[in-house]
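The listed protein sequences correspond, in order, to chains Z, V and R.
Numbering-wise, the first sequence is residues 17 to 323 according to this note's numbering.
Numbering-wise, the second sequence is residues 148 to 477 according to this note's numbering.
Numbering-wise, the third sequence is residues 1087 to 1639 according to this note's numbering.
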Amino acid sequence: MTLGNWFALLVALVVAAEVVRALRHRALRQERWRRFFRLRTTSWGLGILTFLVLVALAAPLLAPFDPNRQLDIVHLTNRPPSWTFLLGTDPLSRDVWSRLVYGTRVSLGIGALGALVAVALGTLVGALAGYYRRWIDAVLMRGVDVGLALPRIFVLLMAVALWDGLPFAALVVAIGLTSWFGTSRLVRAEVLSLRQRDFVVAARALGAGSSRVIVRHVLPNAAAPIIVSAALGVGNVLLLEAALSFLGIGVPPPDASWGNMIADGMPSIYTAPWSTFFPGLAISLVVMSLNGAADGVRDALDPREAP
Amino acid sequence: MTGGVWLLRRLVASVAIVFAVITFIFILIHLAPGKPCSENLDPRVCTLLTRQFGLDQPIAVQYWRYLVELAHGNLGMSFSLRRPVWDALVETVPFTLQLAGAALVFDFLLGLGLGIYQAARVNRLPDLVLGNATLFIYSLPTFWLAPILLLVFGEKLGWFPVGGASDPIFCPQVDSLYCVADRLWHLVLPATTLGVVGAAGTARFQRAAMLEVASQDYVRTARAKGVPERQIVLRHQLRNALLSFITRFGLAFPFLLTGAVLVETIFAWPGMGRLAFDAILTRDYPVVTASALIASTVVVAGNLLADILLGFADPRLRVHAAADADVVTA
Amino acid sequence: MLRRSAFSYYIVLTVATLGACERRGGCTTAGCGTLIDAAVVEPPTLLPPSTEDIVASDIAEQLFLKLADVGMSTNTVGDEDFQPLLAQRWEWDGPLTLVFHIDPRARWQDGQRVTAADVEFTFNAYNDSAVASPFRPKLQRIEKVTQRDSLTAVFRFREKYPEMFYDAVYHMRILPAHLLRSVPREQWRTAPFGRQPVGDGPYRFVRWQAAQSIELVADTTFFLGRPGIRRLIWRFTPSLPVAVQQVIADQADIREQLVTPDNVERAKAAKQLAIYPFRGNVYTFLSFNQRAPGDTSKPHPLFGDRDVRRALTMAVDRASLVKSTLGDLGQVPPGPISALVGIWAPDIRQLPYDTAQAARLLSLHGWRDHDGDGIRDKDGQPLAFHILVPSSSGLRKQYARLLQEQFRAIGVRAEIDELEGSVVAQRTGSGNYDTAILSRSNDPSPGSGITQSWTLAGFGGSNFGRYYNPEFERIVQRAISAPKRDQARTLWRYALETINADAPGIFLYALANVGAVHKRVENVQFRPDSWAALLRTWRIPPDRLIDRDRVER
């Protein structure tokens, strides 16, 4: 780690803390923000997420080595953490810290893409089912039941096994395509209760078309479950990617993702635990932070929730 | 609507779902290019297998044949395992159910216990520490936890066996009380790995539910009347906890059946997950379709059972319950 | 909370009490003992001709007898070093005729006598294309097997060569004709006999718990001597590190291949284990497919060119790769052979590690980085290909990543495809691949293995890359037929140097086997070509019996 790397790291930490502080200032004045920051875990979660996003953006500044370079396969494999290799080296003599930093880009990107697909699809289906009700609702919700009856890993494995040379981006989209069922149910419930509300009835009476009503009036008020689903969805996708990497079908080598770092380091887990510990910790941190942030969003947008 | 009509409708819907699942899997398999002739290098054997299993027929014909065979109770022959699919699957089902059952029991008991404990000491130090601990465990990848448990409790301390489902010498079959205990002993580590993430989620959920109930009027009244705390917890909150758990476990079921592949692989637990996983990778279509069939049947039956139980316990809940998106199923 | 801890207390108490009751078994003499082998991959069947799987072979070794077997020297030339098994004695009746006299004491486990009819039946089955036995090509030079009388089997060969006896005895395990005659040959793959075998060997099959374990028990009336260990159990654990853990935690007794230096270190630290190194019989290589994927009539756009293959081979620092992954537990092989094969010599000429020359060779053939992306290209096509790796082998996956980096350093892009073992077998078998990291296990004789994998005879068989050099084939033929040992060695050396120069693959490593066995077991002998071949001679002295040895069942 060079001085420049340390400096960049410090800057990222400070900026993340400052962002959280600035947002907390808002809490002093606005009710919603005050509810958002009610729990301590939310502040920490938000801070950690901001920090990780900054790390992802500034990866070249923070990583002293090329993440894919095998530095010295005879002498530098499985080295423990030291000043040169902050988190040690992996069985292929690559710097764990550099891989972790660049892996942040990959993992967060995968999480975001997968969650985006899942939430978009789930919201669409849920909104349609909740708004139009009757046979559309029945058909769509039966479809959701079918989707829920099969475990995701099963379907994803089949997609990978059956299509040789499936590009990884397609796999991430597939992850999204298999993760929207829970969201759709939530959105449907929310839309069902919202469609009776005055402002919706008024909009319809004024002659607004269905799609306009859904998009302009219903969905913004159903934001709470959607945002919470999105936040938790990212965590789910990350854990799923880690599982797929462990099974050998995650991000292809040599690029690093937190999941495939754990998979690569598994054979040496007892003799060189650092190459699996730190990516695992990173995944846990992100999922924890997302849960914390989701708690905050839930509190802010939906005051009816229990303490 | 009356109970009978509702049940009938749900049964029909359940069958339809299972049917839809099989059709989906079938289509998925046949969409992909490539032949299923896995191991045999001799092209003559390959042609033989193709002819035997009718793999060169159009999809619709194969589908119809499959359904006909299914109606006769014939699930086909596995290419990779070299035995009838039924034999291979039926052996794994008890193991899978034991693991899933144990994981659920562990999930419920630990989660409930933690939730009650935390709610009783809300916002004090134990609550905060446990709250963060459960959040952390909830976020762990299961295959990360497994080797650690194996190392500590299996290898170093020697309290539990390192993998396997039973003692191969003394208990190749479970035919005595000793062997039942042996199976339970082998279940501890894998069920813990599988259930601990769920337990953390349950704990968080139960804590919130406890706090909500505790602030309700009827509980306050009971407390004011001098009813012992223990009784209040047992009567009101336990029942609600059980009900909400039942609602949520329906979602966890699919994962526990075939998604528990990682746990089954690491602990050498001979369940359906591993079987399905190997079958998918070797493109052993009969086994894949049969696993999907059995898994979805169990899931749908489990959900149906859960709904029936809920319907009996609390008529208010006799609506298609909204899912709790907190359940992490990866 | 209290309820829960009482519950678990009850369980522990029950286990403890019942454990104390049932575990005190009765077997306390010599000939007791239970050994558990921590195996990884479950075999598909136990019917010998239907599978090449190594674990199946180890188990079949205990259940079925060969006519004779190699000795500890694993010399395969002539017949002096062979041990009689099913055949009590033999003689040559002319240069092409071999006569075996079957031991009259040999019995199948259902009581029937083993006869020459079984031998004839076995040969016909192994040779039958409906059975599609992977051993069939190795028996090509035997013309037929007949029975002269119930205890005399006659082998007739097509030609005379030094390893005639070896071919007659080593590849086939004699099968019970009376039990298998009725099974249609094309159903042998899936025959129930393969899951409940009946043999004539030192051990009897007891049970096969699918995906869990296979149990064998000693046949105390075995005519060559009662086996020392009473019970053998193979236990299947899909994850190699967990299997090693079982042995270290004293929940298994044998782990015949520790593979990585880490595992060896941990096993050495375990107090109850003894470590046994023995010559390895496996070599691993990166196979270049010289024909176009999916169309064997056309050459491969990259690997059809000998110089490209040579360049890629020179770009890889094989010695460092071995050092990095295996430490001292592996060596760079001087050709497609393992240390087991006697023709191994470290001074056989190979392509050197020379990245400069590799780069020059590629540039010479027009592969230059025209577009500045770090990857060489020619006519708009990048120098890129796929490496197939079976996902079950951690070692090969690691090698794939190391190779990827070595190739990247000279401007070649390799993508890694990790696929299930049988899918890799199918893709390589049908020629539908660019490169693949494959392992071959050697017979003690170089002849059959090299012919199968690297000559015209292996097209459609194990010669996936379709390497063909008529000069190489001529030398190999002469080496196989060479009457004297020294002549053979020189010819083999010449053959290996020829194939090294052609670079049909990069010969990556030959694994040195290191096995771990519980200290209490005596007389542990690992025969280099098959560790389990002499299992029946292992013993546990009565004063060293532990709990699991004493079970009386």
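Just so you know, even glycine gets a beta-carbon here, dropped at the ideal spot from N, CA and C.
Ranked by how close their Cα comes to the Cα of Z/Pro241, the residues Z/Ser98, Z/Val135, Z/Asp82 have Z/Val135 in first place. Three or more Cβ pairs closer than 8 Å define a contact, and the stretch 291-301 of chain V meets that threshold against the stretch 407-418 of chain V. A buried status is given to R/Phe1186, since no fewer than 16 other beta-carbon atoms sit within 10 Å of its beta-carbon. Secondary structure at R/Met1258: coil, using DSSP grouped into helix, strand and coil. The beta carbon of V/Phe253 lies closer than 7 Å to those of Ala338, Thr339, Gly342, Ala346 in the same chain, with the five residues before and after it left out. In its chain, beyond the 5 residues on either side, Ala346 have a beta carbon closer than 6 Å to the beta carbon of V/Leu257. The criterion of a C-beta distance shorter than 8 Å is satisfied by V/Leu409 and Z/Phe262. For V/Phe242, the enclosing alpha helix (DSSP H) has its first and last residue at 232-267. Here R/Ile1423 is buried: its Cβ has 16 or more other Cβ atoms, across all protein chains shown, within 10 Å.
Boundaries for R/Trp1178: no alpha helix (DSSP H) harbours it, while the beta strand (DSSP E) harbouring it runs 1173-1178, taken from the DSSP string. For R/Val1240, the enclosing beta strand (DSSP E) stretches over residues 1238-1243. Look at R/Gln1337: its C-beta is under 8 Å from a C-beta on chain V. Looking at the backbone, the Cα of V/Pro308 and that of R/Arg1634 are separated by about 14 Å.
Restricting attention to V/Leu324, V/Gly310, V/Val321, the CA atom closest to the CA of V/Leu336 is found in V/Gly310.
Separation of the CB atoms of R/Ile1361 and R/Ala1602 is rounded to 6 Å, and the pair is thereby assigned contact status at 8 Å.
Counting along the chain, Z/His41 sits inside no beta strand (DSSP E); it lies in the alpha helix (DSSP H) bounded by residues 19-45. Within chain Z, no C-beta atom comes nearer than 8 Å to that of R/Gln1198; the closest sits roughly 46 Å away. As the crow flies, the alpha-carbon of R/Ala1192 is around 19 Å from that of R/Ile1145. Considering only R/Leu1121, R/Met1258, R/Ile1122, the residue with the shortest C-alpha distance to R/Ala1173 is R/Met1258.
Taking 8 Å as the upper bound for CB-CB distance, R/Tyr1595 and R/Leu1412 are in contact here, some 6 Å apart. Fewer than three beta-carbon pairs drawn from the stretch 1526-1542 of chain R and the stretch 1378-1395 of chain R are found closer than 8 Å, and the two stretches are therefore not classed as touching. Here R/Glu1166 carries a coil assignment [DSSP, helix/strand/coil]. In the three-state DSSP reduction, R/His1604 falls in the strand class (E or B). Nearest CB-CB separation between R/Gly1480 and chain Z: below the 8 Å threshold. Within the model, the alpha-carbon separation for V/Ile174 versus R/Gln1492 is close to 42 Å. For V/Met224, the pairing in a beta bridge is given by DSSP as V/Pro231.
Listed along the chain, the chain Z residues whose CB falls inside 7 Å of the CB of R/Lys1409 are Val90. About 34 Å separates the Cβ atoms of Z/Ile169 and Z/Ala74, ruling out a contact at the 8 Å cut-off. Rounded to whole angstroms, the gap between the alpha carbons of Z/Arg54 and Z/Gly312 is 7 Å. Collapsing the DSSP output to three states places V/Ser443 in a helix.
Contact fails between the stretch 1338-1353 of chain R and the stretch 1518-1527 of chain R, because fewer than three Cβ pairs, one in each stretch, are under 8 Å apart.
Taking one beta carbon from each stretch, the stretch 1562-1571 of chain R and the stretch 1306-1326 of chain R have fewer than 3 pairs nearer than 8 Å; the two do not touch. Not a single C-beta of chain V is nearer than 8 Å to the C-beta of Z/Leu65. The alpha-carbon of R/Asn1349 is positioned some 8 Å away from that of R/Pro1327.
Within 9 Å of the CB of R/Val1127, no CB atom of chain V is found; the nearest one sits about 11 Å away. Between V/Lys372 and Z/Leu62, the alpha-carbon positions lie close to 44 Å from each other.
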